[in-house]
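Residue numbers (our numbering): 406 to 1468. One structure is given here, and the rest of the page talks about it.
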Amino acid sequence: VTPFLPAVVVATARGSNDCSRGACYPPSGDLLLGRAQQLRASSTCGLTGSEVYCTPYQQRRMKCCPCDSRNPNGQLAHTVQEVLATSGPDRWWQSKKDVNPVTLQVDLNNLFQLHNLALNFKGPRPSNFVIERSLDNGSTWKPALYLATDCQKAFPGVQTTEPLRLDEPHCFTLPPTGSDPYKDQMVQFNPLRQYTYVSAPNSEKVEKLSGLTGLRVRMTGLGGVPRLPGRSLSQFFAIKEMRMMGSCMCHGHANRCLPDSTAQEGMQSVLQVNPRCDCQHNTAGMNCERCDDLFNDLPWRPAEEGNTHTCQRCECNGHARRCHFDLATYEASGRRSGGVCEDCMHHTTGPKCDRCAPGYQPNPRSQMDRPDACIRCPCSTEGTVENGQCDTASSCQCKVNVEGPRCDRCKRGYFGLSTVNPLGCSKCSCSSEGSVSDACDPVTGQCLCRPNFHGPNCDVCSNGYWKPFLSDRCEPCKCDPTGSYSNTCDQVTGQCHCRPHFGGRTCTECPDNMFGDPPSRCQPCQCDLEGTLAEGCNKQTGACLCRPGVTGSRCTSCSRGHCDSFPLCESCPSCFFTLDSQRQNLSLILKSITTRFPTTPDSSNVNFGLRILALENRLKLLRESISFPPSIARQVDDALTQLDKLRNQLKKINDGLSPLIQTPGLDSELDKLQVLLERLEGVYKAKSSSVENTLGPNDCQSGAFSAIRQAHKKSSEAAGKVNASEQTLIESADVRENALDLLQQVQPANTRALNKLNQVMSSQPDLTPVAKQVCGSVRSEPCTPLLCEGNDLCPPEGAPLCKTAEKCVGAGPLSKRTDADVKNVKSKLDRLAKKITDAAEKLLETQETTNQVRQSAAKLSKKMRQTRDRVENDLEETRGIVKDLKDFLSDPSSNLTHIQVVSEWILATNLSLSPATLKKKLEELNNLTANLPDSLSVLNDAAPQLDAAKKLLEDAQKTRDRALDIEDNVDTRVSGLDLLDKSLSDIEDKVQNSTGLTDGLKTLLLQIKDQLSPAERNLDDATTLMKPMTVQLGQLKDLLENVRQKAQGARDSSEAAEREAVA
406 VTPFLPAVVV ATARGSNDCS RGACYPPSGD LLLGRAQQLR ASSTCGLTGS EVYCTPYQQR
466 RMKCCPCDSR NPNGQLAHTV QEVLATSGPD RWWQSKKDVN PVTLQVDLNN LFQLHNLALN
526 FKGPRPSNFV IERSLDNGST WKPALYLATD CQKAFPGVQT TEPLRLDEPH CFTLPPTGSD
586 PYKDQMVQFN PLRQYTYVSA PNSEKVEKLS GLTGLRVRMT GLGGVPRLPG RSLSQFFAIK
646 EMRMMGSCMC HGHANRCLPD STAQEGMQSV LQVNPRCDCQ HNTAGMNCER CDDLFNDLPW
706 RPAEEGNTHT CQRCECNGHA RRCHFDLATY EASGRRSGGV CEDCMHHTTG PKCDRCAPGY
766 QPNPRSQMDR PDACIRCPCS TEGTVENGQC DTASSCQCKV NVEGPRCDRC KRGYFGLSTV
826 NPLGCSKCSC SSEGSVSDAC DPVTGQCLCR PNFHGPNCDV CSNGYWKPFL SDRCEPCKCD
886 PTGSYSNTCD QVTGQCHCRP HFGGRTCTEC PDNMFGDPPS RCQPCQCDLE GTLAEGCNKQ
946 TGACLCRPGV TGSRCTSCSR GHCDSFPLCE SCPSCFFTLD SQRQNLSLIL KSITTRFPTT
1006 PDSSNVNFGL RILALENRLK LLRESISFPP SIARQVDDAL TQLDKLRNQL KKINDGLSPL
1066 IQTPGLDSEL DKLQVLLERL EGVYKAKSSS VENTLGPNDC QSGAFSAIRQ AHKKSSEAAG
1126 KVNASEQTLI ESADVRENAL DLLQQVQPAN TRALNKLNQV MSSQPDLTPV AKQVCGSVRS
1186 EPCTPLLCEG NDLCPPEGAP LCKTAEKCVG AGPLSKRTDA DVKNVKSKLD RLAKKITDAA
1246 EKLLETQETT NQVRQSAAKL SKKMRQTRDR VENDLEETRG IVKDLKDFLS DPSSNLTHIQ
1306 VVSEWILATN LSLSPATLKK KLEELNNLTA NLPDSLSVLN DAAPQLDAAK KLLEDAQKTR
1366 DRALDIEDNV DTRVSGLDLL DKSLSDIEDK VQNSTGLTDG LKTLLLQIKD QLSPAERNLD
1426 DATTLMKPMT VQLGQLKDLL ENVRQKAQGA RDSSEAAERE AVA
C-alpha cells in the first residue's frame, strides 16, 4: 500500500477511556463487519451475465478475464460484499464497464462515530470521487471531502485550501498514479484531520464532523488507461478492500458499546461494533443523547475535555421517578435549575413534588421527603378554595357560594358544585314570574315552577299554554280541536298549528286572505295582496284590511296624505298637511260665502267671478301670513262669510240658470268689502314689516312662532289619524256585535255542559283509593270532588309518623319516615366520620411511636455494642498489662529498684471502683439485659397489627363511601336504608376493632419505651465508671514500658562493661 495521501492518512482516533475526567469515547472497530447486507453498489459486473474485462499484462500485452456475479460465491464473482476485510485474498468488487458515475453506499441504521475510512482501489483508481455522509438514514447527504486529480476541473467552485471553518468542505488533489494506473492504490479519510487548523475543541469537532448514519462514496470519473494496439483496455471502478473504523456515537458520555436489545437474535454475535452506548454521566438513550429520567435538572450537553457535563438529579423529594427539563423554569431560576418532576407520587404535586395534592394536607408528624408526607383532607375538592386543601387545623376554606363543614354543598339559591367554577356553585336563574322562589335544586339547578310553567328556569309555558306580551301568566292556547292539530301553540304569539282550510290564532276562522265559515265555506278575499295586511280581509264580511296609507275597496290606491306610489304609499312631507289644512279652512269659508250671494237678473255686464276670486286670493294670503287680533279676525270671518254666499250665487249663475234680477245694493256691498280688504292689507303689510324688523333668525319669539307651527302640524297629523281610524271603529263595532251573536249561540250549550259536568263530579271519581296511596288515608267512605262528607280525606297536619318496624302506607307518610331516617343516617354518618378521623389520628400517633421505639432500640443496641466492644478491648488490654506485669516481676534479671517503683505505684493507686462495686454493676447490666423485652420481636409483631389496623380503617372508609352513595340516592332507593344501617354497624365495628388494636399496640410500645430509657442510663453509668480505670491502666502500662526500657538500658550497659572488662 502506498501512502500517497499523507494529509488524510491518519491512525484510528483514540478516545479517552476515563469518563470521570471529561469526554470519553469507545474503542474503534470496523463498522462494516456484520453489516454486509447493508452495503450496496449502484453498478456491479456480471449480475445479468458474464462480462469480459481486459487489463494490461507484462509489457504492451493484455489479458482478458470474465466477471460473472450471478453466483455470489463463485470464483468469477465480484459483488460489493467482497470489499469486506474478511473476504480473503484475490477478492474485490468491480463495476460494469464504462459506467459512470457509480455509488457505493453503507446504511448503518443508527448513529455512529467515524474514525477513519480506508479505500484500497484495485486499479485504475477513479480520477475524481466524493465521500458523503448522512445523518438522517439516507434522506439527505452532505459532502465530507472531494478528491480529484484536477479539483478545479472536476469540482469547480469547491475550495482547494485547508478549511478554516468546520462547515467548509474542500477538495484534496490526488497524486498521479505513475506509469501503471492499474496498480492498487490506498486512500484514507479521517473526518477530523482535515480540520486540523480550525480553532475548536476536539469534542466539538467530533460532534459536528464524525457522526453519521450512512456513508456514500460517489465515484464520478473513470481513471485513465493507456492505449495499446489492438483491443482497447477496459475502464471500470474496482475496490479490493474497504474499512470503516469507528464506534457507537455517545457524545463523549460512554467508553464502550453494548449490543442492541431490540435487534434480531443472532445479529449481535457477528457485529464488531455494537450500536448502543454504555452511558455514563447520568445520561440515557441509544447514543446517550438525553439525560436519564430523573436527571433533567440541567440541559443535556455533550461532554468536553475536562468537563463531563454530567446530568443533574431533579429535586423531587423522593416522590417521582422521572422529570423533564423546562427552559422557562431554567431561565427563571437564573440558569440554576430547570427540572420539572412528573407523575408525583404519595399524593404530592408541584414542579418539585413539594406540595400536597388537592384533597391532601401536610402530615404534621412527617417531613416532605418521606412517603407519608401528605395525608387526606376531609374537605371536598370541588368546594374548597385550594382544591381540597385544608389548613393546619383541618378546617376547610369554602368557596364563596359553598357551605358545610366539608364544603360539599351549595348555598341556598345556588347549584352545580364544580371544581372549575372559582365560586364553587352557580346562581339559580329562576324566573320571577314562573318560579315559586329564587331557590333551585342544588345539583341540577331545576327551579320549582308555578302551574303552567316549566323548564330549568321556569321561564317557558307548559304545553297548551302561551304567555301574552306584558303578561306575567301563561294563558291556555284554546286551540280549536277541529281546526288545529293539537292544543299546543306558539309560546310568544299564541298561534295554534292549524289544519288545512282553517286559520286565526285558535284555528276557528278561515285561513289568511279568505273569509266565510270554515272549512267548506271559505272564499278568497277580493283584495290586492300588496295593499292589504297579512290576514287579507275581515274573516266574516270579506272587507279588505288595507295597510296604513292604502285605501280603496280592494286596497289598490294610496290614501290622502300619502304619495301616489302604490304599493309603497309613502307618507307626504309635513308641508302637505299644513297646506291641506289651510285649503280645507278656506274651502269651508268660501262655501259659507257663496250661500249668501243674492240672485241677479243679469250678470252679463258684471264680472263677479273675477272680483270674488281676487278677494278670495287676497284673504287667503292674509290668513296664511299673520294671526289677526280678535276684532280683525271677526271682520275677516264676516268677509269670508259674505264671499261664501257670493260664491254660491255665482255657482248658480254659472250653472245656466235663468237670468236673475240683480240685487239692489250689491255693488255697494262689494265696494265695502273691497275697502275692508284694502284696509286689512294695509294692516298686514304693517304687521309683516314689524315682524321682519323685530324678529331675527335667532330671536326667541321666532322660536315661539316655529313651535306654534310645529304644534299645528302635529295636531293636523293627529286629526288625520283620527279620521283614518273611523273605519276601524266601525269594523270593531261590527266585530263586537258578531261576538255577542256568537256568544248567544254558544253560551247555552256551554252552560248545559257545565251543569252536566257538575252532576258527574258529584258522584265520581272516588278519591278515597288515591288518597290511601298518596297520604295514607284511613277513610272508607267515597269522596268525590264535589261531595266529600265525614272524616278528612288525608290525616291532619301533625299526625304521628310511621314507626320503623311498622308498615307505612301512602307516599306522603313513607316520604316523611324516609326523611326522618335520612336525618338519622346523616347524624350517624357525621359521628362515624369523626370516629374514623380519630382512629386515623391514633394510627398515625402509633406509627410515630413505633418509629421512636425502633430508633431508641437501635440507638440502645448500637450503644450496647460499642460499650461491649470497649469493655472487651479494655479487658484484653488489662490482661496484656497484667501479663507484662507478671513477666516483669518474675523475670530474674529485673532490677529490684524498678520492681519497688512499680509496686509502690500500684499500692499508692486508689482505684475509683472496687471489685465488688464493679461486679455489682455488671450484674445489674446483665439483669437489665435479660429483662429487656425483645424489641425486634415486638416491632415485628406490631407491623402486622398496624397493617391490620390500616386495613380495618380502609374498610371502614370504603363502607362509609358506600353509605354515602346510598344516602345520595335515598330519594329513589328507600329500601337501601336497611343496607345503610347495616353498613353503619359494620363501620362502627371495624373502627372499634381498629381503635382497640391501635390502643393496645400503643400501650405496649410505651412500656417498651419506658424500659429502654433506664437501660440507656445504666450503660452511660457503666461507661462513666470505666473511664477512670482505663486511665489508670494506661498509666500502669506507660510505667511498665518505662521500667522495661530502663532495665534494657541497664542490661545493655552491663554487657558493654563486661565486654570491656574481658578485653
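The C-beta atom is built at its ideal place from N, Cα and C for all residues, glycine as well. Computed from a prediction, not measured in an experiment: that's the story for all the values here.
| Query | Result |
| --- | --- |
| If you compare alpha carbons, which of L1172, P561, V790 is closest to L552? | P561 |
| Counting along the chain, where does the alpha helix (DSSP H) carrying A737 start and finish? | 732 to 737 |
| Can you give me the C-alpha to C-alpha distance between R741 and S771, rounded to a whole angstrom? | 29 Å |
| Taking N525 as the reference, which of N1155, K757, R496 has the closest Cα? | R496 |
| How would you write the range of the beta strand (DSSP E) that T508 sits in, first residue to last? | 507 to 526 |
| Using a Cβ distance threshold of 8 Å, determine whether the region 514 to 521 contacts the region 615 to 625, with at least three qualifying pairs required. | yes |
| Taking the C-alpha atoms as reference points, what is the distance between N1103 and E1122? | A caution first: N1103 carries a pLDDT of 48, below 50, which makes its placement in the model too unreliable to give a value. |
| Within its chain, find whatever has a CB closer than 8 Å to the CB of C1105; leave out the 5 residues flanking it on each side and keep chain order. | In this predicted model, C1105 has a pLDDT of only 44, less than 50, meaning its place in the structure is not dependable; the value taken from the coordinates is given anyway. So no residue of the chain qualifies. |
| According to DSSP, is L663 helix, strand or coil? | strand |
| Take T565 as the anchor and find which of F642, Q599, L1294, C930 has the nearest alpha-carbon. | Q599 |
| Quick check: the Cα distance between T1242 and P1201, rounded to an integer number of angstroms? | 44 Å |
| Kindly indicate which residue of T715, C719, Y602 has the alpha-carbon position closest to the one of L699. | C719 |
| Would you report the Cα separation of R910 and V841, rounded to the nearest angstrom? | 30 Å |
| So, under 8 Å CB-CB, P1218 and G1181 are touching, yes? Tell me the CB distance rounded to an integer number of Å. | 4 Å |
| C903 and N892 - do their beta-carbons sit closer together than 8 Å? | no |
| Bridge partners for C901 per DSSP, in chain order? | C894 |
| Any chance the region 679 to 695 sits against the region 456 to 475, with 3 or more Cβ pairs inside 8 Å? | no |
| Mind checking which residues open and close the beta strand (DSSP E) that includes C949? | 949 to 951 |
| Closer than 7 Å by C-beta to L1062: which residues in its own chain qualify, once you throw out the five before and the five after it? Chain order, please. | Residue placement at L1062 is flagged as unreliable, the pLDDT there being 44, under the threshold of 50; the coordinate-derived value follows with that caveat. Hits under 7 Å: none found. |
| Distance check for L1159 and C882, CA to CA, integer angstroms please. | 20 Å |
| Where do the N-terminal and C-terminal ends of the alpha helix (DSSP H) with A441 fall, by residue? | A441 -> no alpha helix (DSSP H), and no H or E assigned at all. |
| Counting only the same chain and skipping the five closest in sequence on each side, list residues whose C-beta sits under 7 Å from that of D917. | G908, A939, E940, G941 |
| Run the CB neighbour count on A1138, radius 10 Å, all protein chains shown included, and call it buried at 16 or more, exposed below. | exposed |
| When you compare each of G543, V611, P531, C833 to P580 by their alpha carbons, which one comes out closest? | P531 |
| Where do the N-terminal and C-terminal ends of the beta strand (DSSP E) with Q593 fall, by residue? | 590 to 594 |
| Determine the closest residue to S964 out of H483, N857, G1125, with distance taken between C-alpha atoms. | G1125 |
| Return the residue from the list P810, V825, T1173, G829 that minimises the CA-CA distance to G818. | G829 |
| Alpha carbon to alpha carbon, how far is I536 from V511? Give it in angstroms, no decimals. | 12 Å |
| Jot down the residue ranges of each uninterrupted beta strand (DSSP E) in the region 609 to 665, minimum 3 residues, whole runs only, in chain order. | 616 to 626, 643 to 653 |
| Pull up the distance between the alpha-carbon of K1221 and that of Q945, whole angstroms please. | 59 Å |
| From Q1079, G479, H729, R952, pick the residue whose C-alpha is nearest to that of E935; which is it? | R952 |
| Decide if I1371 is buried, meaning its Cβ has at least 16 other Cβ atoms within 10 Å, or exposed. | Residue confidence is low: I1371 scores 47 on pLDDT, short of 50, so the model does not pin down where it sits. Its coordinate-derived value is still stated next. Counting Cβ neighbours within 10 Å, I1371 comes out buried, since at least 16 surround it. |
| Which of helix, strand or coil does DSSP assign to F577? | strand |
| Would you kindly check if the distance between the Cβ of L437 and the Cβ of R648 is under 8 Å? | yes |
| Quick one: measure Cβ to Cβ for E710 and A725, integer angstroms, because I've assumed they're closer than 8 Å. | About 34 Å separates the two Cβ atoms, so there is no contact after all. |
| Between the Cα of Q557 and those of H906, P929, F577, A428, spot the shortest distance and give me the residue it belongs to. | F577 |
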